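Each remark here refers to the structure printed beneath this line.
2 protein chains.
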Amino acid sequence: MEKKKKIKPQRPRGFEDLSGNSLNELIQLRDSIQKVYGLYGFEPLETGIIEYSDVIGSFLPDQDRPNEGVFSFEDDDKRWVSLRYDLTSGLARYVAENFDSLPKPYRRYQSGWVFRNEKPGPGRYRQFYQIDADTIGSDNALSDAEMCMMFSDAIQNTGIEVGNFVIRLSNRKILDGIIDNLNINGNSSGSEINLSIMRSIDKLDRLGLSGVEQLLGEGRKDESGDYTKGAGLEKSSISQILSFLESGIESKSQSRDTCLKNLSNQFGSNIIFNKAIEELSEISNIIDAAGYDEKKIIIDPSVVRGLGYYTGPVYEADLTFNMETDQGLEKFGSIGGGGRYDDLVARLKGARVPSTGISVGISRLRSALKFLNKSSINNESLSVVVLVMDKDKRSDYYKIASSLRNEGISSECYTGDGGMKAQLKYADKRNARLAIIIGEDEIASNSVTIKDLFVGKEFSDKISDNKEWRSGKDSQKNVPINDLVETIKSIV
Amino acid sequence: MEKKKKIKPQRPRGFEDLSGNSLNELIQLRDSIQKVYGLYGFEPLETGIIEYSDVIGSFLPDQDRPNEGVFSFEDDDKRWVSLRYDLTSGLARYVAENFDSLPKPYRRYQSGWVFRNEKPGPGRYRQFYQIDADTIGSDNALSDAEMCMMFSDAIQNTGIEVGNFVIRLSNRKILDGIIDNLNINGNSSGSEINLSIMRSIDKLDRLGLSGVEQLLGEGRKDESGDYTKGAGLEKSSISQILSFLESGIESKSQSRDTCLKNLSNQFGSNIIFNKAIEELSEISNIIDAAGYDEKKIIIDPSVVRGLGYYTGPVYEADLTFNMETDQGLEKFGSIGGGGRYDDLVARLKGARVPSTGISVGISRLRSALKFLNKSSINNESLSVVVLVMDKDKRSDYYKIASSLRNEGISSECYTGDGGMKAQLKYADKRNARLAIIIGEDEIASNSVTIKDLFVGKEFSDKISDNKEWRSGKDSQKNVPINDLVETIKSIV
Chain A
67 MEKKKKIKPQ
77 RPRGFEDLSG
87 NSLNELIQLR
97 DSIQKVYGLY
107 GFEPLETGII
117 EYSDVIGSFL
127 PDQDRPNEGV
137 FSFEDDDKRW
147 VSLRYDLTSG
157 LARYVAENFD
167 SLPKPYRRYQ
177 SGWVFRNEKP
187 GPGRYRQFYQ
197 IDADTIGSDN
207 ALSDAEMCMM
217 FSDAIQNTGI
227 EVGNFVIRLS
237 NRKILDGIID
247 NLNINGNSSG
257 SEINLSIMRS
267 IDKLDRLGLS
277 GVEQLLGEGR
287 KDESGDYTKG
297 AGLEKSSISQ
307 ILSFLESGIE
317 SKSQSRDTCL
327 KNLSNQFGSN
337 IIFNKAIEEL
347 SEISNIIDAA
357 GYDEKKIIID
367 PSVVRGLGYY
377 TGPVYEADLT
387 FNMETDQGLE
397 KFGSIGGGGR
407 YDDLVARLKG
417 ARVPSTGISV
427 GISRLRSALK
437 FLNKSSINNE
447 SLSVVVLVMD
457 KDKRSDYYKI
467 ASSLRNEGIS
477 SECYTGDGGM
487 KAQLKYADKR
497 NARLAIIIGE
507 DEIASNSVTI
517 KDLFVGKEFS
527 DKISDNKEWR
537 SGKDSQKNVP
547 INDLVETIKS
557 IV
Chain B
67 MEKKKKIKPQ
77 RPRGFEDLSG
87 NSLNELIQLR
97 DSIQKVYGLY
107 GFEPLETGII
117 EYSDVIGSFL
127 PDQDRPNEGV
137 FSFEDDDKRW
147 VSLRYDLTSG
157 LARYVAENFD
167 SLPKPYRRYQ
177 SGWVFRNEKP
187 GPGRYRQFYQ
197 IDADTIGSDN
207 ALSDAEMCMM
217 FSDAIQNTGI
227 EVGNFVIRLS
237 NRKILDGIID
247 NLNINGNSSG
257 SEINLSIMRS
267 IDKLDRLGLS
277 GVEQLLGEGR
287 KDESGDYTKG
297 AGLEKSSISQ
307 ILSFLESGIE
317 SKSQSRDTCL
327 KNLSNQFGSN
337 IIFNKAIEEL
347 SEISNIIDAA
357 GYDEKKIIID
367 PSVVRGLGYY
377 TGPVYEADLT
387 FNMETDQGLE
397 KFGSIGGGGR
407 YDDLVARLKG
417 ARVPSTGISV
427 GISRLRSALK
437 FLNKSSINNE
447 SLSVVVLVMD
457 KDKRSDYYKI
467 ASSLRNEGIS
477 SECYTGDGGM
487 KAQLKYADKR
497 NARLAIIIGE
507 DEIASNSVTI
517 KDLFVGKEFS
527 DKISDNKEWR
537 SGKDSQKNVP
547 INDLVETIKS
557 IV
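Order-wise, the sequence lines are chains A and B. Counting from 1 along the first sequence, just add 66 to a position and that's the residue number in the numbering used here. Counting from 1 along the second sequence, just add 66 to a position and that's the residue number in the numbering used here.
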């Protein structure tokens, strides 16, 4: 054919390709989490990736770029549509649209790609994978407690051991109560000033107390020179919030009961605050009775979560071990979270629909498992490559591959046009376990040669003489063709 | 809270929500197909949903609307991006981008949502699920033969029995050869006139010979009054193509060998045509040797597939049983197909990369399995609802649910606020198998009542007296609390 003008093959910034074992890891991780959600009686849901923009709205944490963050475009009928930026907004639409036919409470899990029209960076994608679980239509503390316990079970089921993670539980009303005590003008739950304070506090883990102090005041310039405008609080207000955060840091090592008692002593005169303590106590009692101790779930009042729509209990799952980063040893940190959002569905339903849910970001979890060496995946990779030594005999080769597949062993005939060397290289590259060789000698003796590519590799690591390796004495054996399937079954 | 202005909850036209068992069906179907692809040594791939528009191009069958069909919008950097309209275009980009590091041949499977910006209609969605498998970088007939055999195995693995489906194999060069014989100006493989003839023939199943005759000539007006311009061939050319199609219809009931011999006798003087027969013979020999007879794979020269980029062998999988439609009994028809496309990756790579692949549309397959009553899914649905009779005891109820989950039994405590009637209604709506009741009587006797909701339903179908059913004598039993888990394990 003619050589046509070449278009440069590239993917848009912030979009990732996943293949082979990396993809198998994601799938296994998703399935291990969803299995727990299913055991808890949550049912699966899949909503569309495109939604009407005004219907799903935009509830992203970074309100500094209000019109950005979401991929949106005009549909044929001149109505704006958006790619889903999370799985909660589509759920709210789904529930409102199908309210009468759904069981109530409605409990579902959902996994899938979500899209953020943000500046991509290292480890920061514009398409990423989330797994959510939500309970819609329940005011019951059991539904919040269940989120924490189910979250804990799900993380454990991915292979992360107790001690390496913790669910941090708090309540948005704690902060609402403290802010209420400060007598700031225009403050109410969900008001601009409350959200601004909340987002400052949400950065405690990353910026420390002094960073939060700047954000609560005039503002803060980061290393890159970018300036973030602060909440503009007075010094006395700032110091009250800081002292609350300091006591919160202590509370992490306390029992849930002690933590709630101390909080109550500190701020117990405020009615909103007391409501928070009451709700947390009720959740804590259920968690206690169900046997989830402070190794799994703690109360940590500094948890606020960045999203504006939370109204009550909030949860965050942190991995507690250190890992090496460019900045030295750092805590791995959050892999997901959630909380109660009683007003979100109301936008569409016209009446309050109490809801609570959690969301796991799968990319960070994948990195964590890799770090913990827990990303051993089931051996779904290729087991056997049957080399094609003689093109005229390929039907025979194909029959061998077919008989191995009938035994559940992943097998293939080489379908390229390379010689033996290229074929062995291919088998290596595919990370195949075995190569099967049937050349003239084998045909004459009615046998096959089975080459163990893993043994060959280990062997080659140990010896220095290349020729010796090439002879491959230890890595291959000749068996009668009738023993082939049984021999391979005994190896893989 | 205040009642805010309500936004109407609706999804854009052509987008579907999937939930519960419908979604489980899709997942099970996907996994059963992918399991076969994995056994054949294909590895998984996931490419991004957003691609640069010029990189993936547009190769949709319906060229009457060249600028439509694909969802496209401008990215921040003013470059146009598109939602993937199939999985092949992203694969071509991925392969060209990573050519040197990939094993060759590169064999992957991929599943996911694809998007068509077309007019939605009944059963015609703008977001739908596809499962592909492709071999890139192989000219080898084995890779085409493998597609047919793997396709056949995959369909069987979904539960559709041999006899209810058939893979129809042909070669694009058959038609190229016939058209070449007609001496039409400007015709060459892939030229406008060839594509126009090919698309007319592709509608044979739907429009019959007379419809195709119109499309090959002046054109055709359909029932809705829409007019499709024809290929404008002369009468003598049209009659030659029609006589070929007629012989093709006969060939469906012939052996692959006989079919190829007849074709060869009819058009054997043309060099392009002879190449087609040669390629099909080679594929057929491999298929023969591997034991796939004409119950599974036939040669059917009328198969052309609508896409312009196919260059050689083409495959289509048809379900052969009838099902009732608005037009009476009709064959179920195609559930997917594919073919060899040797020039598609060349757009991006600058050199020919021979490729072949298949694609399955999962929605039609789901309908088919439902029709065949084969959509029995693994019991992943909810098994047990523990009713909450006394809010103060919910920790105890929760412990029961938890102990059942530890045995792998999907269980939940009711998290709503309804009474016993509402709770049983909820359990029914969730299609739960059992409800567990621990009220005052049970607490006094240290026992639990287990209500079998399925037995209750069957029972209620048989009896006329509503009161009798409500008493539910046959559907529930009381057991000591210590026997609870064992008793439930014996039921579910």
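Positions of the beta carbon are idealized from the N, C-alpha and C atoms, including for glycine. Because the structure is a prediction, the values reported are computed rather than measured.
For residue i, three-class secondary structure by DSSP
i, result
"residue 501(A)", "strand"
"residue 102(B)", "helix"
"residue 84(B)", "strand"
"residue 544(A)", "strand"
"residue 294(B)", "strand"
"residue 277(A)", "helix"
"residue 161(B)", "helix"
"residue 481(B)", "coil"
"residue 422(B)", "strand"
"residue 450(A)", "strand"
Spatial distance of residue i from residue j (CA atoms)
i, j, result
"residue 471(B)", "residue 360(A)", "21 Å"
"residue 504(A)", "residue 461(A)", "12 Å"
"residue 247(B)", "residue 342(B)", "14 Å"
"residue 199(B)", "residue 377(A)", "47 Å"
"residue 298(B)", "residue 284(B)", "5 Å"
"residue 252(B)", "residue 103(B)", "41 Å"
"residue 401(A)", "residue 542(B)", "44 Å"
"residue 190(B)", "residue 391(B)", "15 Å"
"residue 92(B)", "residue 428(B)", "7 Å"
"residue 68(B)", "residue 99(A)", "With a pLDDT of 47 at residue 68(B), under the threshold of 50, the modelled position of this residue cannot be trusted, and the question is left open."
"residue 493(B)", "residue 420(A)", "20 Å"
"residue 267(B)", "residue 256(B)", "15 Å"
"residue 235(A)", "residue 293(A)", "31 Å"
"residue 482(A)", "residue 478(B)", "53 Å"
"residue 403(B)", "residue 227(B)", "18 Å"
"residue 570(B)", "residue 240(B)", "Coverage of chain B is limited to positions 67 through 558, which leaves residue 570(B) absent and any answer about it impossible."
Continuous beta strand (DSSP E) stretch holding residue i: start and end
i, result
"residue 517(A)", "513 to 518"
"residue 198(A)", "193 to 202"
"residue 206(A)", "Looking at the DSSP string, residue 206(A) is not in any beta strand (DSSP E), and its letter there is neither H nor E."
"residue 389(B)", "379 to 391"
"residue 365(A)", "363 to 365"
"residue 237(A)", "231 to 237"
"residue 406(B)", "394 to 406"
"residue 113(B)", "Where residue 113(B) is concerned, there is no enclosing beta strand (DSSP E), given that its DSSP letter is neither H nor E."
Assumed close pair residue i, residue j - CB separation to whole angstroms, cut-off 8 Å
i, j, result
"residue 328(B)", "residue 313(B)", "7 Å"
"residue 147(A)", "residue 117(A)", "7 Å"
"residue 213(A)", "residue 423(A)", "7 Å"
"residue 353(A)", "residue 363(A)", "6 Å"
"residue 406(B)", "residue 365(B)", "The Cβ separation is near 15 Å, so there is no contact."
Limits of the alpha helix (DSSP H) - the one that residue i falls within
i, result
"residue 327(B)", "322 to 333"
"residue 267(B)", "258 to 267"
"residue 460(B)", "460 to 472"
"residue 176(A)", "Element bounds for residue 176(A): not the alpha helix (DSSP H) but the beta strand (DSSP E), 172 to 181."
"residue 117(A)", "Element bounds for residue 117(A): not the alpha helix (DSSP H) but the beta strand (DSSP E), 116 to 118."
"residue 138(A)", "Per DSSP, residue 138(A) belongs to no alpha helix (DSSP H); it is in the beta strand (DSSP E), 138 to 140."
(request) Using a Cβ-Cβ cut-off of less than 9 Å, give me the residues of the stretch 282 to 295 of chain A that come near chain B, in sequence order. (result) none
(message) Closer than 7 Å between beta carbons: that is the criterion. Which residues of the stretch 452 to 470 of chain A meet it against chain B?
(response) 460, 461, 464, 465 and 468
(message) Please identify, using Cβ separations under 7 Å, the residues of the stretch 361 to 395 of chain B that lie next to chain A, in order along the chain.
(response) none
(request) Compile a chain-ordered list of the residues in the stretch 73 to 85 of chain A whose CB is closer than 7 Å to at least one CB of chain B. (result) 73, 75, 76, 77, 78, 81, 82, 83, 84 and 85
(request) With 9 Å as the C-beta to C-beta threshold (strictly closer), list the residues of the stretch 102 to 129 of chain B near chain A in chain order. (result) 102, 104, 105, 106, 107, 108, 109, 110, 111, 112, 113, 114, 115, 116, 117, 118, 120, 121 and 123
(request) Mind checking the stretch 183 to 209 of chain B against chain A and listing, in chain order, the residues whose C-beta falls within less than 8 Å of any C-beta there? (result) 183, 192, 193, 201, 203, 204, 205, 206, 208 and 209
(message) Against chain A, which members of the stretch 415 to 443 of chain B pass a CB distance test of less than 9 Å?
(response) 415, 416, 417 and 418
(request) Check each residue of the stretch 239 to 266 of chain A: if its Cβ is closer than 9 Å to any Cβ of chain B, include it; give the result in chain order. (result) none
(request) With 9 Å as the C-beta to C-beta threshold (strictly closer), list the residues of the stretch 142 to 164 of chain A near chain B in chain order. (result) 142, 143, 145, 147, 149, 156, 158, 159, 160, 161, 162, 163 and 164
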